[in-house]
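So the sequence shown is numbered by my numbering: it starts at 39 and just counts up by one. Heads up: the structure comes next, in structure tokens.
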Amino acid sequence: MSTWEATGVGSHPGEDHLEAIRVVFGEVPGLPYLPELPARGVGADMIGRTAGLLVDLHVEVQPSGWRLSDRPGRDHQRAVDHLRRDLDGLEEIGHDYSGPLKLQVCGPWTLAGSIELRHGDKMLSDAGAVRDLTASLAQGVADHCAEVRRRLPGVTEIVLQLDEPGLPGVLAGTVPTASGFGRLAAVEGWRAEESLRLFDDPIVHCCAPSVPFDLLRRAGVRGVSVDASLLRRRDEDALGEVVEAGLRFFLGVVPGRDTRLPDAGVVAKPAVELWRRLGFAPDRLAEQVVLTPACGLAGASPRYARAALAACRKAAQVLRDDPSQGG
39 MSTWEATGVG
49 SHPGEDHLEA
59 IRVVFGEVPG
69 LPYLPELPAR
79 GVGADMIGRT
89 AGLLVDLHVE
99 VQPSGWRLSD
109 RPGRDHQRAV
119 DHLRRDLDGL
129 EEIGHDYSGP
139 LKLQVCGPWT
149 LAGSIELRHG
159 DKMLSDAGAV
169 RDLTASLAQG
179 VADHCAEVRR
189 RLPGVTEIVL
199 QLDEPGLPGV
209 LAGTVPTASG
219 FGRLAAVEGW
229 RAEESLRLFD
239 DPIVHCCAPS
249 VPFDLLRRAG
259 VRGVSVDASL
269 LRRRDEDALG
279 EVVEAGLRFF
289 LGVVPGRDTR
299 LPDAGVVAKP
309 AVELWRRLGF
319 APDRLAEQVV
329 LTPACGLAGA
339 SPRYARAALA
349 ACRKAAQVLR
359 DDPSQGG
């Protein structure tokens, strides 16, 4: 198992995509990623950016948010253009890079809970629409990964991250209807498992409470990405099974917004203490745990975003060099 040490979740502040890519390659060279810059507006946000990848499904922005449309329009084109510029920048800055690369897209359940049908409720309310959306997304993501490989032939593997902050709400039946007055019915766990299997060995990121660790393990995902501050003792049995199964564990240990960052040992401490409580050998810690910010960095200053990634990398070195320490 290759050691990735540290990476970011995905989003960055500002509108300068070239500078964001330079920061990523400079600060987390073991597992760089294509950053997302939602401050650029429509089509650069998580939902619009991923919707631009869909095959034979098109979206547009309405006052209520993203909605399916009959044909690709201005909003769809903005999303496509943003991503094309980002890929051009990735090719320019990473042209001689060799190693793994992480790509993030919104997962099918969060997407289905965010996009409305043409005339009615959210896609999540219609099981057939969710199936169509998931199949379209899986094909679009495969095409996206293939394009990145063509542009960066030195990439040894693509690490696909599915962003699913909405998954716990989908499973619990707490996603509001389009009107906001009701709640959509809970989705059965087996449906969620089945949909995740359509993607090639993904990491699932969920920066929300009540991450469904057992479901993700059964779905055969490659790893889970969570905010360490949201983990509770009741999660630890399921977490232990995730680790025992050999999944990667991306642990968010640095706040996503500006704050004073402590030294590397203190940043590493949540990972070290969790590992001790789970009862696994210290030498497995650096192999299976990847340190990240708690969530995206879009709400941070550019200076802090750089510092947060650097702090994760330095803390990961603590885990590698002296896994019994931390704080």
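Cβ atoms here follow ideal geometry from the backbone N, Cα and C, with glycine treated the same way.
- Assigned with DSSP and collapsed to three states, Ser267 falls in helix.
- If you draw a straight line from the Cα of Gly137 to the Cα of Leu95, it is about 33 Å long.
- Look at Tyr71 here: in three-state DSSP terms it is strand.
- Per DSSP, Gly103 is one residue of the beta strand (DSSP E) stretching across 103-107.
- When rounded, the separation of the alpha-carbon atoms in Val305 and Pro110 is 45 Å.
- Beta bridge pairing from DSSP links Thr330 with Gly290.
- In the structure shown, Ile85 adopts helical secondary structure according to DSSP, grouped into three states.
- Classified as buried, Val62 has 16 or more neighbouring CB atoms from the shown chains inside 10 Å of its CB.
- With a threshold of 16 other beta carbon atoms within 10 Å, Pro331 meets it and is buried.
- A Cβ-Cβ distance of about 6 Å is found for the pair Gly90 and Gly81, placing them in contact under the 8 Å criterion.
- Note: Pro138 is bridge-paired with Glu195 in the DSSP secondary-structure output.
- In the three-state reduction of the DSSP assignment, Pro214 falls in the strand class, which pools E and B.
- When rounded, the separation of the alpha-carbon atoms in Gln326 and Leu289 is 10 Å.
- Between Asp170 and Gly178, the alpha-carbon positions lie close to 12 Å from each other.
- Looking only at Ala246, Phe251, Arg255, the smallest Cα-Cα distance to Asp239 is reached by Arg255.
- Cβ contact annotation for Arg315 (same chain, cutoff 7 Å, sequence separation greater than five): Glu274, in chain order.
- The beta carbon of Glu129 is closer than 7 Å to those of Arg189, Leu190 in its chain, skipping five residues each way along the sequence.
- Ser339 and Pro73 have their C-alpha atoms roughly 15 Å apart.
- Annotation: the segment 227-267 contains the following complete segments of the beta strand (DSSP E) (minimum length 3 residues), in chain order: 241-243, 261-265.
- Looking at the DSSP output, Leu200 sits in a beta bridge with Val143, Val242.
- CA-CA distance, Ile131 to Phe251, rounds to 36 Å.
- Look at Val93 here: in three-state DSSP terms it is coil, with no helix or strand label.
- The beta carbon of Ala216 sits closer than 6 Å to the beta carbons of Glu154, Asp159, Lys160 from its chain, once the five residues preceding and following it are set aside; these are given in chain order.
- Across the set Glu53, Val208, Glu232, Phe219, the C-alpha of Val208 shows the shortest separation from the C-alpha of Val225.
- Counting the other Cβ atoms within 10 Å of the Cβ of Arg87 gives 16 or more, which makes it buried.
- The beta carbon of Glu65 sits closer than 7 Å to those of Arg344, Leu347, Ala348, Arg351, all from its chain and outside the five residues before and after it, given in chain order.
- The beta carbon of Asp108 sits closer than 8 Å to the beta carbons of His96, Arg156 from its chain, once the five residues preceding and following it are set aside; these are given in chain order.
- Residue environment for Trp228: exposed (fewer than 16 other C-beta atoms within 10 angstroms of its C-beta).
- Sequence-distant Cβ neighbours of Leu162 in its own chain, meaning closer than 8 Å and more than five residues away, are Trp147, Ala150, Gly151, Val168, Val208, Val213, Leu222, Val225.
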